[in-house]
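Take a look at the structure below.
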Amino acid sequence: LARVNSPEAQGDVARQSPGEGTEAAEGDTVELTVSKGPRMLVVPDVTGRDVDEARSTLEKAGFTVKVDRPFLSFSDTIASQSVDGAERAPEGSTITIRTKGL
Numbered sequence: 001l002a003r004v005n006s007p008e009a010q011g012d013v014a015r016q017s018p019g020e021g022t023e024a025a026e027g028d029t030v031e032l033t034v035s036k037g038p039r040m041l042v043v044p045d046v047t048g049r050d051v052d053e054a055r056s057t058l059e060k061a062g063f064t065v066k067v068d069r070p071f072l073s074f075s076d077t078i079a080s081q082s083v084d085g086a087e088r089a090p091e092g093s094t095i096t097i098r099t100k101g102l
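Following full-length UniProt numbering, the numbering of the sequence shown begins with 1 at its first residue and continues without gaps.
See below:
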C-alpha cells in the first residue's frame, strides 16, 4: 500500500494496478495507492502587482486564478487576494484576486 499526494481526498484510492475496468483472476494481487490529499503550497503575495503579473505568478506556483473586478474598477492593480500571501492552499485550488475599485 503506497500513499501519494493527489487531488483525491485523503484516504481515497488515487490509483490501482491493474487499472479500473481490467479483469483480474481470483488470487491476483491488486496494488492500491492511497491519496494523502493534495499538496499544500505556499501562496505568493501578489497584492500591488498588475493583473497579468499576479495571474502568471499564481499559475506558476500551481494555482488556478479568478480575477474579480469591482464595479467601476479602472485599475489593473491587485488590492487583495482570497488566500493571503505566505499562507498555504491545496495545489490546483482557485485563488481569487481583486483589483482596486474607486
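Don't be surprised by glycine CBs; every beta carbon is placed ideally from N, CA and C.
Between the Cα of residue i and those of the options, spot the shortest distance and give me the residue it belongs to.
i   : options            : result
V65 : P44, E91, T96      : T96
P7  : K36, V67, S82      : K36
F71 : L1, V13, G11, K100 : K100
D52 : R98, A2, R3        : R98
G48 : D76, E91, P38      : D76
Over the uninterrupted beta strand (DSSP E) stretch that includes residue i, give me the two end residues.
i   : result
Q10 : Where Q10 is concerned, there is no enclosing beta strand (DSSP E), given that its DSSP letter is neither H nor E.
L1  : Segment: none, L1 is in no beta strand (DSSP E) and carries neither H nor E.
T22 : Premise fails: T22 is in no beta strand (DSSP E) and is neither H nor E.
V30 : No beta strand (DSSP E) contains V30, which DSSP labels as neither H nor E.
Rounded to the nearest angstrom, what separates residue i and residue j at their Cα positions?
i   : j   : result
R69 : E59 : 19 angstroms
T94 : E23 : 38 angstroms
A79 : L32 : 45 angstroms
F63 : A25 : 42 angstroms
A14 : N5  : 9 angstroms
For residue i, which residues from the same chain have a beta carbon less than 6 angstroms from its beta carbon, with the 5 sequence-adjacent residues on both sides left out?
i   : result
D12 : S35
For residue i, which residues from the same chain have a beta carbon less than 7 angstroms from its beta carbon, with the 5 sequence-adjacent residues on both sides left out?
i   : result
A54 : V46, I78, I97
For residue i, collect the residues of the same chain with a Cβ closer than 8 angstroms to its Cβ; drop the 5 residues on either side in sequence, then sort them by chain order.
i           : result
residue 109 : For the chain, the structure presents residues 1 to 102; residue 109 sits outside this window and is missing.
Please list the segments of the beta strand (DSSP E) lying wholly inside the UniProt domain "PASTA" (37-101), counting only runs of 3 or more residues, in order along the chain. 40-42, 64-68, 78-81, 88-90, 94-99
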